[in-house]
Amino acid sequence: MSENDILLMENISKSFPGVKALSDVNLTVRKGTIHALMGENGAGKSTLMKILDGIYTPDNGQITFQGQPITIDTTHTALKLGISMIHQELSPIPYMTVAENIFLGREPLGKYGLIDKRKLNADTKALLNRLEIDVNPTSIMKDLSVANTQMVEIAKAISYDASLIVMDEPTSAITEREVAHLFRMIRSLKKKGVTIIYITHKMDEVFQIADDITVLRDGKHVATLPASQTNKGHLITMMVGRELTEMFPKEYAPFGEVVLSVRNLTREGIVEDVSFDLRRGEILGIAGLMGAGRTEVIETIFGIYKLDAGEIIIKGKKTQINTPADAIKNGMALLTEDRKLTGILGVLPVRDNMMIASLSNYEKRGFLNKRLIDVTCKQEKGRLDIKTPSMDQLIKFLSGGNQQKVLVSRWLLTSPDILILDEPTRGIDVGAKAEIHKLMSKLAQDGKAIIMISSELPEILGMSDRILVMHEGRVGGIFERKDVTQESIMQAATGHGLDAQVRQEKVTV
Amino acid sequence: MASTTTPQALDRSFNREWFNAFIRKYAIVLIFIAMFVGMTFLTDAFLQPRNLFNVVRQISVVGLIAIGVTMVIITTGIDLSSGSVLALAAVFAASLAQQPGWHDAKYPGLVVPVIVPILVALAVGALCGAINGGLIARFKIPAFIATLGMMTVARGFALLYSNRPVSGLTDTYNFIGQGELFKILPIPGQPPLGIPIPVIILALVAVGAHIMLNNTRFGRHIYAIGGNEQAALISGLNVGRIKIGVYTIAGLLSGLAGLVLSSRVGSGQPGLAVGIELDAIAAAVIGGTSLSGGVGTIWGTIIGALIIGVLNNGLDLLNVSAYWQTIVKGSIIVVAVIIDERKNR
């Protein structure tokens with residue numbers, strides 16, 4: 170360990186039931202640098218960092234921090250040593266205030282050991298002001314937007330005055346403006362000598378901010394090198410271990426008849442007057458900023474929420490959709506945005522997760538035809554190349570990409586005409602992402618109509634035939650792919666130039 | 137990608153994993169076997185056929201309830217009303233099964249075939265369960281509160297209906313709880329031993345419930361709701377209807393338990409089975425049902441009930457005081473959950 174290194178993790182190994190998550194991983198981080206940790210989902214990045222944070226205990230290996238060999242058995246120890254972490258999954262305490270959340274466990278005490286609320290709020294205000302985060306210390310956490318919740322978590326991690334801060338995909342839930350803000354904070358921390366370990370899937374971010382990059386693959390260390398000595402293509406190759414273009418653009422598919430028409434869809438205060446058509450063979454991308462109402466539009470179409478006004482016309486017939494069951498009966502399928510919260514049945518086997526929406530097709534005289542189910546599972550496993558030791562494996566032990574494939578399979582088994590995909594590739598690795606893009610092309614060619622919500626503009630531009638941009642609950646514009654650039658989408662999404670450039674689609678019934 | 141592990145090494149690690157998985161899955165069975173063997177050596181009476189049949193007869197009532205409770209817990213719910221619903225079903229059924237001319241008859245002169253009280257017990261139970269389910273699914277009341285309400289209300293109705301035991305029941309009715317079938321097991325110096333009818337009922341219900349949970353759509357949907365209710369809803373499941381179904385089944389089984397218990401003791405008492413729901417929950421939890429939902433098996437629950445039964449019986453035979461028995465039982469429940477927690481880590 171040279172003097173310039175703040176952290177040395179040597180020969181770290183960790184196994185979970187059925188999975189070897191890390192084997193003999195080494196990580197060296199130079200003091201005062203921003204160190205990007207990259208790799209596909211399941212490569213072991215989060216596991217490695219959770220070991221550093223005392224959440225997991227390594228099976229073997231050694232950690233040296235600031236020249237001292239250390240054992241980290243709890244997060245408390247990590248914080249005492251000067252290591253703080255922003256987790257990928259946000260874990261705010263919803264009914265407590267922002268200030269209480271930030272100073273949880275180290276509340277300033279006043280007389281008689283009672284909490285000094287005035288100092289608590291003042292300290293929080295000072296912290297948030299210093300970081301230029303526009304949030305009220307006394308706001309209740311659950312009332313904050315996802316982006317602000319993330320910013321508060323970041324502020325909390327910084328408030329420990331740690332010498333090493335680990336950030337696990339801190340930008341997955343925030344908009345570009347906030348990303349820029351976060352990067353300013355990171356650079357100013359770096360100036361003060363703080364070391365940052367930054368986990369992300371987003372290539373652009375890495376080259377904007379990282380000094381060094383470490384790549385992990387399948388639980389093993391692949392390389393550590395200065396960011397200046399590599400590029401996107403090289404990184405991807407190291408991450409997946411093979412040459413791969415980042416994205417398969419949508420291939421040609423002939424358009425068929427209109428299968429879904431939405432007219433003046435309104436949910437008061439959330440979605441206003443949204444109309445569009447969707448044809449067979451088409452992928453309609455929905456873009457927009459966080460909170461613009463993208464997810465809310467499709468959740469209303471799918472019957473999760475009641476609409477206040479408007480019509481949904483499926484294959485030319487006005488259709489009443491009150492529950493997801495109605496939507497499925499009418500040939501719709503919805504791959505939700507939050508895999509863990511509304512997608513997977515974590516404690517259940519892969520088999521149940523795959524079959525749950527289509528079990529009625531496998532019933533014979535009231536009983537399930539288990540052999541047919543097993544045959545179907547096997548076929549799906551092969552078709553989507555799902556990596557699982559068996560169909561009895563609990564889905565929570567699969568990597569994000571493989572979980573997503575199981576969910577895609579769940580919906581394809583319902584033979585939908587209209588496939589709604591909400592952030593279908595969020596948080597999954599490059600390889601699985603390309604496979605899902607390829608599958609989408611194939612499905613469009615098979616005559617399915619697809620709606621895809623995505624926060625990644627390259628994905629929107631690469632995959633969509635038309636792009637619907639949402640702005641503050643309304644349609645900010647509907648564009649043909651050939652007429653559009655990242656800039657014009659951002660303009661529509663932020664409400665600029667609505668009249669000039671945007672060709673609002675004429676709606677004819 | 138090149139792997140450094142040799143095939144043999146892989147094989148060995150696979151075996152160890154398989155072994156660990158086996159131990160995790162069947163730990164509860166091994167514990168049961170150990171207890172069984174222990175009791176056999178500690179007492180002479182334990183292994184006697186008559187005693188063993190006693191153990192299973194004793195667990196049959198709590199076993200029936202535990203099967204319903206297991207399904208409820210798999211959906212992340214809870215049912216606290218089982219004991220009261222049992223009592224309500226018992227007094228209703230018993231009042232329709234009194235001997236003609238009994239001095240204290242609820243309905244003097246009324247004579248109905250035995251199928252009537254049987255159906256009434258099941259219907260009363262199912263109705264109470266359906267109300268539980270309706271409150272939980274339609275009015276979004278936490279299961280704990282809804283069934284706590286039912287626990288009090290059903291007990292109140294039972295006492296209102298008859299504030300003293302309904303006794304003088306017909307032999308046909310009492311045969312349900314006291315009779316034996318297949319009297320073939322010879323015991324020297326005694327009449328041959330048969331299988332108690334409550335045990336047969338429990339076995340049939342357990343097998344039926346196991347098949348339902350594993351081989352029907354409804355059964356898999358129960359697990360799905362417990363695994364992730366929101367995801368189940370989005371997958372097109374009618375979550376409300378499934379929940380109502382589950383609580384109705386649990387109520388029905390409480391009614392059936394009321395039938396069995398009242399016929400076994402020969403009277404329908406409004407104060408029957410106070411607190412039995414806690415024993416049922418204990419059996420389910422000891423058997424590996426997770427209170428966070430999505431996980432649980434019928435065979436596990438039956439083993440759980442057997443563990444409690446063998447423990448009670450064994451401690452009785454060892455002349456351990458009843459007070460100590462409750463202490464031991466409570467400790468075992470906690471230890472079982474600790475084991476379960478570690479398993480999931």
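Chains as they are written, first to last, in the working numbering: chain Y, 170 to 678; chain D, 137 to 481.
Don't be surprised by glycine CBs; every beta carbon is placed ideally from N, CA and C.
Predicted, not measured: the structure shown is a model, and the values here were computed from it.
Is residue i close to chain D? Criterion is C-beta to C-beta, closer than 8 Å.
{"i": "T505(Y)", "result": "yes"}
{"i": "G600(Y)", "result": "no"}
{"i": "A526(Y)", "result": "yes"}
{"i": "A190(Y)", "result": "no"}
{"i": "D521(Y)", "result": "yes"}
{"i": "E532(Y)", "result": "yes"}
{"i": "K219(Y)", "result": "no"}
{"i": "P493(Y)", "result": "yes"}
{"i": "G438(Y)", "result": "no"}
{"i": "R356(Y)", "result": "no"}
{"i": "V466(Y)", "result": "no"}
{"i": "K183(Y)", "result": "no"}
{"i": "L413(Y)", "result": "Because the pLDDT of L413(Y) is 45, which lies under 50, any placement of that residue in the model is unreliable, and the question is left without a value."}
According to DSSP, is residue i helix, strand or coil?
{"i": "K401(Y)", "result": "helix"}
{"i": "H204(Y)", "result": "strand"}
{"i": "Q235(D)", "result": "coil"}
{"i": "K419(Y)", "result": "coil"}
{"i": "R275(Y)", "result": "coil"}
{"i": "S182(Y)", "result": "strand"}
{"i": "Q237(Y)", "result": "strand"}
{"i": "V427(Y)", "result": "strand"}
{"i": "L413(Y)", "result": "Only weak support exists for where L413(Y) lies, its pLDDT of 45 falling under 50; the coordinates are left without a value."}
{"i": "N229(Y)", "result": "strand"}
{"i": "V644(Y)", "result": "strand"}
{"i": "V248(D)", "result": "coil"}
{"i": "V653(Y)", "result": "coil"}
{"i": "Q377(Y)", "result": "helix"}
{"i": "A478(Y)", "result": "strand"}
{"i": "R534(Y)", "result": "coil"}
Report buried or exposed for residue i, applying the criterion of at least 16 other Cβ atoms within 10 angstroms of its Cβ.
{"i": "A367(D)", "result": "buried"}
{"i": "S357(Y)", "result": "exposed"}
{"i": "D222(Y)", "result": "buried"}
{"i": "H239(D)", "result": "exposed"}
{"i": "Y367(Y)", "result": "buried"}
{"i": "H370(Y)", "result": "buried"}
{"i": "S309(D)", "result": "Reading off the sequence, residue 309(D) comes out as Tyr, not Ser. Classification for Y309(D): buried."}
If you compare alpha carbons, which of the options is closest to residue i?
{"i": "E506(Y)", "options": "L590(Y), D561(Y) and I542(Y)", "result": "L590(Y)"}
{"i": "S308(Y)", "options": "L296(Y), R275(Y) and A268(Y)", "result": "A268(Y)"}
{"i": "V516(Y)", "options": "T288(D), N449(D) and S426(D)", "result": "S426(D)"}
{"i": "M207(D)", "options": "N449(D), G362(D), I412(D) and V410(D)", "result": "G362(D)"}
{"i": "I365(Y)", "options": "R508(Y), G388(Y), G472(Y) and V198(Y)", "result": "V198(Y)"}
{"i": "L504(Y)", "options": "D307(D), P278(D), G372(D) and L454(D)", "result": "G372(D)"}
{"i": "P328(D)", "options": "E316(D), A230(D) and I336(D)", "result": "E316(D)"}
{"i": "S428(D)", "options": "V473(D), L414(D) and P236(D)", "result": "V473(D)"}
{"i": "N364(D)", "options": "I241(Y), D228(Y), D330(Y) and I525(Y)", "result": "I525(Y)"}
Chain B partners of residue i, CB-CB under 7 Å?
{"i": "I164(D)", "result": "Looking at the structure shown, chain B is missing, and the protein chains on hand are Y and D."}
So if DSSP puts residue i in a beta bridge, which residue, or which two residues, is it bridged to?
{"i": "E316(D)", "result": "P332(D)"}
{"i": "Y367(Y)", "result": "A205(Y) and M336(Y)"}
{"i": "S253(Y)", "result": "I334(Y)"}
Using a beta-carbon distance below 8 Å, is residue i in contact with chain Y?
{"i": "V431(D)", "result": "yes"}
{"i": "Q461(D)", "result": "no"}
{"i": "L369(D)", "result": "yes"}
{"i": "Q405(D)", "result": "no"}
{"i": "A360(D)", "result": "yes"}
{"i": "Q235(D)", "result": "no"}
{"i": "T352(D)", "result": "yes"}
{"i": "G265(D)", "result": "no"}
{"i": "R356(D)", "result": "yes"}
{"i": "G372(D)", "result": "yes"}
{"i": "Q366(D)", "result": "yes"}
{"i": "G270(D)", "result": "no"}
Please tell me whether, using a cut-off of 7 Å, the distance from the CB of residue i to the nearest non-hydrogen atom of the ligand ZN is below it.
{"i": "L196(Y)", "result": "Among the components modelled here there is no ligand, and therefore nothing to report on the ligand ZN."}
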